[in-house]
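Under my numbering, read the sequence shown as residues 32 to 638, first letter to last.
Every residue, glycine too, gets a C-beta built ideally from N, C-alpha and C.
Shown next, in structure tokens, is the structure this report addresses.
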Amino acid sequence: MCGITGIILKKGNAAPLVYESLKRLEYRGYDSAGIASIDNLKLYMKKDSGKLDEIHKKIDLTDIPGPLVIGHIRWATHGYPDKINAHPHTDCTKTIAVVHNGVIENFLELRRELEEKGHKFITRTDTEVVPHLIEEEMNATDDLYTAVLRAVRKLKGSYALAIISSSEPDKIVCARNESPLIIGVGKEGMYCSSDIPAILEYTNKFITLDNREIAILTHDGVSIRKIKDEQVVYRTSFEVDWDIEQAEKQGYPHFMLKEIHEQPDSLRDALRLQEQYLDLVTTFLDRGREIFLVAAGTSYHACLAASYMFSKLAKLTTYPVIASEFIDRYGDAVGIDSVILAVSQSGETYDTLKAVDHARMRAATIIGITNNVASTLTRVSRAYLVQQSGPEIGVAATKTFTAQLIVLAQLALRLAKIRGKISQDEIDELKEKLYRMPEIIKETIIMTEEKVKELAEKYRDKNLFLFLGRGISTATALEGRLKLLEITYKPALAFPAAESKHGPISIVEEGVPVIFIAPYDETRKDVIGNIMEMKARGAEIIALCEEGDEEIKGLADEYIEMSRDIPGLLSPIPYVVPLQLLAYYLAVYNGLDPDKPRNLAKSVTVP
Ligand code: F6R
32 MCGITGIILK KGNAAPLVYE SLKRLEYRGY DSAGIASIDN LKLYMKKDSG KLDEIHKKID
92 LTDIPGPLVI GHIRWATHGY PDKINAHPHT DCTKTIAVVH NGVIENFLEL RRELEEKGHK
152 FITRTDTEVV PHLIEEEMNA TDDLYTAVLR AVRKLKGSYA LAIISSSEPD KIVCARNESP
212 LIIGVGKEGM YCSSDIPAIL EYTNKFITLD NREIAILTHD GVSIRKIKDE QVVYRTSFEV
272 DWDIEQAEKQ GYPHFMLKEI HEQPDSLRDA LRLQEQYLDL VTTFLDRGRE IFLVAAGTSY
332 HACLAASYMF SKLAKLTTYP VIASEFIDRY GDAVGIDSVI LAVSQSGETY DTLKAVDHAR
392 MRAATIIGIT NNVASTLTRV SRAYLVQQSG PEIGVAATKT FTAQLIVLAQ LALRLAKIRG
452 KISQDEIDEL KEKLYRMPEI IKETIIMTEE KVKELAEKYR DKNLFLFLGR GISTATALEG
512 RLKLLEITYK PALAFPAAES KHGPISIVEE GVPVIFIAPY DETRKDVIGN IMEMKARGAE
572 IIALCEEGDE EIKGLADEYI EMSRDIPGLL SPIPYVVPLQ LLAYYLAVYN GLDPDKPRNL
632 AKSVTVP
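Laid out in structure tokens, this is it:
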């Protein structure tokens, strides 16, 4: 997730306005930033790595001339967050400048083709293919709009683009597919940006750009067309009356709720990992004598779920371990044949890095999965995957958890394929479902949010919650419990449902809410038995079950219905969503701030 802004003024210098706008986009990324303008048929550009205010102190981003300016704030996905890889990116002649948010999936093939035609690339980004493609098309058309149109037709993946050229200093050309882009209509000029808050200071009148649309912004208007057939789009503007603070949360009262709702998008990005990196990591996993999945907190729950996926799909035994326990438990056993798959959203968690360091010293292979390409974890990993979720501001991990699961599921499916342990049909079926997860999550939010609010209201005063599941749903139960206790401060327990009889059932008494994670998988029959046991002790049963599962609904006091036909192994991805919402609404109804739970930090960098 990066942020872009473009401004074209009737008169005056647009750079200070773009700089202010980038400050508001910092929540979308903060590892490098840059700005480009056109003045007197000349392209100016400034960019560097680091946080926006540090860069500004160093090179004064407002000090470039011209009424036509584009800017970018980066959350690196392809290429290290250094100055070279910072946006804007330019073509060989340095007349075209491009800022981009998204992932160009076919950039490697495009880059190869362009290099064969003589284009010189200087960065490791996916974005750099865009200015070179436009340059190539400009040779044939000499018209920026047509060149951009032809170029974006060749792109696969997601993009929000703003493009300027010193050969046409009266326009910004924008294009969008699956990354947000909004157009602002102002008295002093026209604007485009990744979101409304970034340009709200300049106008409150907006037009949305839809997927596969291209727009030309001049200082007094905008024209929009469909990328496919250039059909003209007539779209009226709308006005917003948000204040800036509301606007940063895009109308949501808290970042946590915004991030829960953002999951369809973050999952789409997590599904766009580069094939060659997935293949590389898969090969390392396949070669390992033993695989340790090492992580803390929510990331550990992702690892626990992954251990079921690896085992069932690839017939591979893996050991999920809480990072702080790794050295004491397995430290002496780790060696050159061990693979450590370390999962850490921040890539900076002390316990995870300490475990990784220990294993490195013993010559183990380190693989990282993180949301932070510039983290310590990526530096110490032999190979790594970046989940591409963008910054998560709420302290409780939500969108980054489901994205971790998506990455891990992709690895498990690849391993299944190369190890040949399940049929191609099964792999295809699961893959199809995995790629539909963004839609399924969207549907889940629509289906469950109102019901969850009702339940949160009903159970707001309860002071003990139990979360139970079997098989992979144990991981869902643990994560649901962690969300609830960390932001509501209410004691909660979670364990594999069958364990109840071995102790925990003794705390159950009349009215204790017990949440059963009960997808329609092979554990369902046994889960029904566990529901009966709890019911017999007076527990209030809240079942998270498939739509139309009358048997479970009939046993439960309350139920939340989920979409049908979700394969058990992928069920933690949608099933955790109502649990995230439940924790959120319970916190809010108890007057707590879910974004800032007491005693917790987003990144735990101490022992
Ligand atoms: C819970 C939460 C924490 C983190 C844990 C690991 O909502 O956010 O439990 O999951 O501190 O953090 P990372 O993934 O950055 O290593």
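Thr433 CB to nearest heavy atom of ligand 1 below 7 angstroms
Looking up residue 433 in the sequence shown gives position 402. No; taking the cut-off as 7 angstroms, the Cβ of Thr433 has no heavy atom of ligand 1 nearer than that.
Using CA atoms only, rank isn't needed, just tell me which of Glu166, Ile291 and Arg142 is closest to Ile476.
Along the sequence shown, one-based indexing puts residue 476 at 445. Distance check between Ile476 and each of Glu166, Ile291 and Arg142 places Ile291 closest, using alpha-carbon atoms only.
Closer than 8 angstroms is the cut-off here; do at least three beta carbon pairs connect the region 281-290 with the region 599-610?
As far as the Cβ criterion goes, the region 281-290 does not touch the region 599-610, which means the pair count is below three.
Less than 7 angstroms between the CB of Ala618 and some heavy atom of ligand 1, yes or no?
For this step, residue 618 is matched to residue 587 along the sequence shown. Incorrect: Ala618 has no Cβ contact closer than 7 angstroms to ligand 1.
I need the boundaries of the beta strand (DSSP E) containing Pro628, first residue and last residue.
Locating residue 628 in the sequence shown gives position 597, counting from the first residue. No beta strand (DSSP E) contains Pro628, which DSSP labels as neither H nor E.
Per DSSP, Pro112 is paired with what?
Position 81 of the sequence shown, counted from the first residue, corresponds to residue 112. For Pro112, no pairing in a beta bridge is given by DSSP.
Suppose you measure from the CA of Val76 to the CA of Ser330; what does that come to, to the nearest Å?
For the purposes of this step, residue 76 is identified with residue 45 of the sequence shown, where counting begins at 1. For the purposes of this step, residue 330 is identified with residue 299 of the sequence shown, where counting begins at 1. Sequence inspection shows Met at residue 76; the Val mentioned does not correspond to that position. Taking the straight line joining both Cα atoms gives about 39 angstroms.
Determine the extent of the beta strand (DSSP E) in which Ile597 is found, giving its start and end residues.
To locate residue 597, count along the sequence shown from 1; it is residue 566. Ile597 -> no beta strand (DSSP E), and no H or E assigned at all.
Does Arg320 pass the burial test, meaning 16 or more other C-beta atoms within 10 Å, or should it be called exposed?
Counting from one through the sequence shown, the residue named residue 320 turns up at place 289. With fewer than 16 other Cβ atoms from the protein chains shown falling within 10 Å of its own Cβ, Arg320 counts as exposed.
For ligand 1, any of its heavy atoms closer than 7 angstroms to the Cβ of Leu513?
As a working mapping, residue 513 is identified with position 482 in the sequence shown. Result yes, Cβ under 7 angstroms from ligand 1.
What do you get for Asp16, buried or exposed, if any count of 16 or more other CB atoms within 10 angstroms of its CB means buried?
The structure shown has nothing for residue 16, since the chain only spans 32 to 638.
Apart from the five residues on each side of it in sequence, which residues of its chain come closer than 8 angstroms, Cβ to Cβ, to Lys532?
Along the sequence shown, one-based indexing puts residue 532 at 501. Excluding sequence neighbours, Lys532 sits near Glu564.
Short of 6 angstroms in beta carbon distance, which residues of its chain neighbour Ser355, apart from the five on each side in sequence? Order them along the chain.
Numbered from its first residue, the sequence shown carries residue 355 at position 324. The answer, listed in chain order, is Asp382.
Sequence-distant residues of the same chain with beta carbon closer than 6 angstroms to Gly215, five excluded per side
Here residue 215 corresponds to residue number 184 of the sequence shown, with the count starting at 1. Excluding its 5 nearest sequence neighbours in each direction, Gly215 has C-beta neighbours in its own chain below 6 angstroms: Tyr222, Ile230, Thr234 and Phe237, listed in chain order.
May I ask which residues mark the beginning and end of the beta strand (DSSP E) holding Tyr222?
Residue numbering aside, residue 222 sits at position 191 when the sequence shown is read from its first letter. It spans Gly220 to Ser224 - the beta strand (DSSP E) in which Tyr222 sits, taken as one unbroken run.
Beta-carbon separation of Leu416 and Val387 under 8 angstroms?
In the sequence shown, the residue the question calls residue 416 occupies position 385. In the sequence shown, the residue the question calls residue 387 occupies position 356. Note that the C-beta distance between Leu416 and Val387 is not below 8 angstroms.
The region 334-342 touching the region 359-368, judged by at least three CB pairs closer than 8 angstroms
No contact exists between the region 334-342 and the region 359-368.
Asp626: buried (16+ other C-beta within 10 angstroms of its C-beta) or exposed?
Taking the first residue of the sequence shown as position 1, residue 626 is located at position 595. Label assigned to Asp626: buried.
Counting Cβ pairs, one atom from each stretch, are 3 or more of them under 8 angstroms apart for the region 143-152 and the region 99-110?
Per the Cβ contact rule, the region 143-152 is not in contact with the region 99-110 (fewer than 3 Cβ pairs under 8 angstroms).
Opposing strand residues paired with Val130 [DSSP bridges]
Position 99 of the sequence shown, counted from the first residue, corresponds to residue 130. Its beta-bridge partners are Ala193.
Using a Cβ-based criterion (distance less than 7 angstroms to any ligand heavy atom), does Ala529 qualify as near ligand 1?
The residue given as residue 529 occupies position 498 in the sequence shown. No, the Cβ of Ala529 stays beyond 7 angstroms of every heavy atom of ligand 1.
Residues in the same chain with beta-carbon distance under 7 angstroms from Arg184, minus the five sequence neighbours each way, listed in chain order, please.
Stepping through the sequence shown from its first residue, residue 184 is reached at position 153. These residues qualify, in order along the chain: Ile258.
Along the chain, where does the beta strand (DSSP E) containing Leu497 start, and where does it finish?
Residue 497 sits at position 466 when you count from the first residue of the sequence shown. Looking at the DSSP string, the run of the beta strand (DSSP E) that includes Leu497 is Phe496 to Gly500.
Lining residues of ligand 1 - beta-carbon closer than 5 angstroms to any non-hydrogen atom, in sequence order:
Chain-ordered list of matching residues: Ala327, Gly328, Thr329, Ser330, Ser375, Gln376, Ser377, Thr380, Ala427, Ala428 and Val635.
Tell me the DSSP secondary structure of Val14 in three-state form.
The first residue shown for the chain is 32 and the last is 638, placing residue 14 beyond what the model contains.
State the DSSP-derived secondary structure class of Cys205, mapped to helix, strand or coil.
For the purposes of this step, residue 205 is taken as the residue at position 174 of the sequence shown. DSSP places Cys205 within a strand segment (E or B) once states are collapsed to three.
What residues are listed by DSSP as bridge partners for His292?
Along the sequence shown, read from residue 1 onward, the residue named residue 292 stands at position 261. His292 is not bridged by DSSP to any residue.
Where do the ends of the beta strand (DSSP E) carrying Thr124 lie?
As a working note, residue 124 is residue 93 in the sequence shown. Counting along the chain, Thr124 falls outside any beta strand (DSSP E), and DSSP gives it neither H nor E.
Can you tell me whether Arg59 is buried or exposed? The criterion is at least 16 other CB atoms within 10 Å of its CB, across all chains shown.
Working through the sequence shown from its first residue, we reach residue 59 at position 28. By the 10 Å Cβ count, Arg59 comes out buried.
Count the CB pairs spanning the region 163-177 and the region 82-96 that are closer than 8 angstroms, and state whether there are at least three.
The way I'd put it, the region 163-177 doesn't touch the region 82-96; fewer than three beta-carbon pairs between them come closer than 8 angstroms.
What does Cys576 pair with, by DSSP beta-bridge criteria?
In the sequence shown, counting from the first residue as 1, residue 576 sits at position 545. Answer by DSSP bridge pairing, in chain order: Ala549 and Glu592.
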